[in-house]
Amino acid sequence: MRAVGGGGRTSAHESPPGGGGEGGDVVRVVVADDHPMYRFGLLTALGHSREVEVVGEAGDGRQLLAVVERTEPDVVLTDLAMPALDGVGAIAALLAARPQLGIVVLSMHEDDERLFGALRAGARGYLLKGADREEIVRAVLAAADGGAVYAAAVARRISSFFTDAHQSYAAQVFPELSTREREVLELIASGRRNLQIAQQLVLSEKTVRNHVSSIMAKLGVHDRGELVATARNAGLGTSPR
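Sequence positions in the sequence shown follow the numbering used here and run 97 to 337.
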């Protein structure tokens with residue numbers, strides 16, 4: 097297995113297509129980062145994996161497009177903050193030409209703008225630069241297989257984003273309900289019984305029954321089955337709890 101060293105070079109290095117490892121099952125990777133020493137360390141770390149072969153490197157987004165064009169890798173491991181063409185722009189351009197390409201972001205940033213920009217562009221994974229070699233290799237292999245791997249902090253941000261979005265949606269479709277009533281309705285739509293709802297929300301079962309009666313009155317439904325159907329038809333009951 098061969099890794100291309102970066103050292104202090106800013107020009108791109110690559111291996112031609114078809115130069116993969118023994119048996120043809122080694123994942124071919126191109127690495128892009130505008131910091132030569134970080135890139136060199138990353139290439140060195142990946143060079144110890146028998147499952148990955150680094151076939152190219154680039155110091156900016158436009159170099160990355162050119163290297164991928166020449167080497168035809170399975171996966172691209174890229175930073176986002178790069179000159180000439182940033183990571184998000186490079187990801188979109190790469191996937192427009194090669195939709196099957198797996199792209200994993202390796203960034204020091206975890207803010208929503210960069211994270212969701214990369215995901216919207218089509219990245220299959222998002223790691224932070226403190227990730228160890230095993231985590232990086234695991235993400236590369238997952239991307240090559242069509243999967244995705246996220247750093248724990250990133251996964252929490254994604255989960256929080258969709259949870260908040262779901263709660264905002266529930267408020268829009270049932271504006272007549274209080275925040276607590278929407279929480280109860282969400283759990284009813286998810287199949288919870290009153291005792292389970294009481295335990296999860298740390299309420300008495302009597303309080304939950306009162307909330308259910310109030311919800312049914314406000315929504316004009318006559319039984320629990322109709323209430324569940326109404327909630328599910330509006331899209332509730334689908335978020336993880």
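Beta carbons are placed, not taken as given, at the ideal position from N, Cα and C, and that holds for glycine.
Check                                                                                                           : Outcome
Whole-number beta carbon distance between leucine 237 and valine 123, since they are thought to touch under 8 Å : 6 Å
Alanine 244, DSSP secondary structure in three states                                                           : coil
Sub-9 Å separation of alanine 219 and valine 201 beta-carbons                                                   : yes
Close beta carbons around leucine 223, own chain, < 6 Å, minus the five adjacent residues each side             : Leu202, Ala235, Ala247
First and last residue of the uninterrupted alpha helix (DSSP H) at valine 150                                  : Valine 150 -> not in any alpha helix (DSSP H); beta strand (DSSP E) instead, spanning 148-154.
For histidine 131, the nearest candidate out of Gly155, Val150, Arg146 (CA to CA)                               : Gly155
Backbone secondary structure at leucine 173 - three-state DSSP                                                  : strand
Reduced DSSP secondary structure (H/G/I, E/B, other) of serine 300                                              : coil
Closest Cα partner of threonine 167 within the set Ala330, Val151, His307                                       : Val151
Inter-residue Cα distance where the pair is asparagine 290 and glutamine 268                                    : 24 Å
Residue environment, glycine 243, which counts as buried when at least 16 other CB atoms sit within 10 Å        : exposed
Minimum C-alpha distance to leucine 281 - residue among Val298, His307, Gln296                                  : His307
Euclidean distance between Cα positions of alanine 249 and leucine 191                                          : 26 Å
Integer-rounded CB distance, given that valine 148 should sit under 8 Å from leucine 138                        : Actually they are not in contact, since the Cβ atoms of leucine 138 and valine 148 sit about 11 Å apart, beyond 8 Å.
Span of the beta strand (DSSP E), counted from its first residue to its last, around valine 200                 : 198-203
Rounded Cβ spacing between glycine 418 and methionine 178 (contact assumed at less than 8 Å)                    : In this structure the chain extends from 97 to 337, so residue 418 is not present and cannot be described.
Option in Leu211, Ile284, Leu297 with minimal Cα separation from arginine 320                                   : Ile284
Beta carbon of glycine 221 nearer than 9 Å to that of valine 245                                                : yes
For leucine 181 and alanine 239, the rounded distance between their alpha carbons                               : 22 Å
Residue(s) in a DSSP beta bridge with leucine 223                                                               : Leu202
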